[in-house]
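Chemist:
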Ligand code: GLU
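Numbering (mature numbering (1 follows the signal peptide of the UniProt record, and there is no 0)), first residue to last: -20 to -1, 1 to 247.
1. Nearest by alpha-carbon distance to residue 178: which of 136, 146, 114 is it?
2. Report whether the distance from the Cβ of residue 54 to the nearest heavy atom of the ligand GLU is below 8 Å.
3. Under three-state DSSP, which class holds residue 174?
4. How big is the Cα-Cα spacing for residue 198 and residue 174?
5. Comparing alpha-carbon positions, which option in 247, 238, 219, 244 lies nearest residue 18?
6. Examine the ligand GLU and report whether any of its heavy atoms sits within less than 8 Å of the Cβ of residue 94.
7. Residue 164 and residue 92 - do their beta-carbons sit closer together than 9 Å?
8. I'd like to confirm the pairing. Which residues does DSSP put opposite residue 212 in its beta bridges?
9. Do the CB positions of residue 53 and residue 189 come within less than 9 Å of each other?
10. Could you tell me which residues DSSP pairs with residue 139 in its beta bridges?
11. Counting beta carbon pairs with one atom in the region 68 to 80 and one in the region 23 to 41, are three or more of them shorter than 8 Å?
12. The ligand GLU heavy atoms versus the CB of residue 74: any closer than 8 Å?
13. In three-state terms, what does DSSP make of residue 44?
14. For residue 213 and residue 67, I'd like the C-alpha separation in whole angstroms.
15. Return helix, strand or coil for residue 62, following the three-state DSSP convention.
16. Work out the CA separation of residue 142 and residue 130 for me, nearest whole Å.
17. Taking only heavy atoms of the ligand GLU into account, decide whether any of them is closer than 8 Å to the Cβ of residue 112.
18. Please list, in chain order, all residues of the same chain as residue 55 whose beta carbon is under 8 Å from its beta carbon, the five residues on each side excluded.
Right under this line is the structure:
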């Protein structure tokens, strides 16, 4: 009786060790769960993109077509992997959801106006930059606000988990302006809040703001905090990160990247 208990214990221990071993192998640095091999076996690349940033990643409500600079860039990565740019599936992300979607493996990479920061580099692999933008400020023409100084005691609408809030805070301090913030899940919500007067200013990268400019709004001349955009992938998926970087560097060398920037008019 005692012997069989010991035997059962040893068996449980061995089986347990085997399972632990399996687990660590599947998450090895070769990225076998969602690395390049798994992507190839699946037959398509899963990419997180913006759907509400005209010219970068935008879903046209009339045609349901998803298009923009970052869509073309992602297709170039798919072409590098599969020899076919159409072996790709897009998923809409926001500044708040893009990290968690990458963490959970629902997307293989993110090409969504994602600013490379030292903090974010601790959690994700980032490619070399493919575009640089600055943070800008949009106000209503009727507000008469002309600069950051004029935003003293005003409320600024920013996106959750975006770099905007910290960037403005720093810049506002420099000119002695005290500002407060309201945070939103998406950009259409911030524009509505600006229209309805819930906020006095809509702030994010200028490339994103430009897509929301209309007859009643204006971008202030000031711009600050340069933002380098990179394609993010999961840490450990080093073979995918390498492929992404090779694609970008080849596109830089061939002039294809600049052609795309011209095509989308985003200089
Ligand atoms: N590019 C900035 C960031 O990564 C703005 C937010 C956004 O991309 O939506 O935080």
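Note that CB positions come from ideal geometry on N, CA and C, so glycine has one too.
Here the structure is a predicted model, which is why all the values come from computation and not from measurement.
Modeler: Here's the rundown:
1. Position 198 of the chain shown holds residue 178. Per the Cα distances, 136.
2. In the chain shown, counting from the first residue as 1, residue 54 sits at position 74. Answer for residue 54: no, Cβ out of range of the ligand GLU.
3. Walking along the chain shown from the start, residue 174 turns up at place 194. In the structure shown, residue 174 adopts helical secondary structure according to DSSP, grouped into three states.
4. Reading the chain shown from its first residue, position 218 is the one you call residue 198. Reading the chain shown from its first residue, position 194 is the one you call residue 174. Here the C-alpha atom of residue 198 lies approximately 12 Å from the C-alpha atom of residue 174.
5. The residue labelled residue 18 in the question sits at position 38 within the chain shown. When only C-alpha atoms are compared, the closest one is 219.
6. Along the chain shown, read from residue 1 onward, the residue named residue 94 stands at position 114. Checking the 8 Å criterion, the Cβ of residue 94 is within range of a heavy atom belonging to the ligand GLU.
7. For the purposes of this step, residue 92 is taken as residue 112 along the chain shown, with counting starting at 1. For the purposes of this step, residue 164 is taken as residue 184 along the chain shown, with counting starting at 1. In terms of Cβ geometry, residue 92 and residue 164 do not form a close pair [threshold 9 Å].
8. On the chain shown, residue 212 is found 232 positions in, with the first residue counted as 1. Residue pairing from DSSP places residue 212 in a beta bridge opposite 90, 106.
9. In the chain shown, residue 53 corresponds to position 73, counting from 1. In the chain shown, residue 189 corresponds to position 209, counting from 1. The answer is no: Cβ separation not under 9 Å.
10. Against the chain shown, residue 139 aligns to sequence position 159. Note: residue 139 is bridge-paired with 164 in the DSSP secondary-structure output.
11. The region 23 to 41, when compared against the region 68 to 80, does touch it at the 8 Å Cβ threshold.
12. Counting from one through the chain shown, the residue named residue 74 turns up at place 94. Yes.
13. For this step, residue 44 is matched to residue 64 along the chain shown. Judged by DSSP in its simplified three-state form, residue 44 adopts coil rather than helix or strand.
14. Within the chain shown, the letter at position 233 stands for residue 213. Within the chain shown, the letter at position 87 stands for residue 67. Straight-line Cα distance between these residues: approximately 18 Å.
15. Residue 62 sits at position 82 when you count from the first residue of the chain shown. Look at residue 62 here: in three-state DSSP terms it is helix.
16. Position 150 of the chain shown, counted from the first residue, corresponds to residue 130. Position 162 of the chain shown, counted from the first residue, corresponds to residue 142. In a straight line, the C-alpha of residue 130 is about 23 Å away from that of residue 142.
17. The sequence position of residue 112 within the chain shown is 132, counting from 1. Answer for residue 112: no, Cβ out of range of the ligand GLU.
18. By one-based count along the chain shown, residue 55 stands at place 75. Contacts found: 65, 66, 68.
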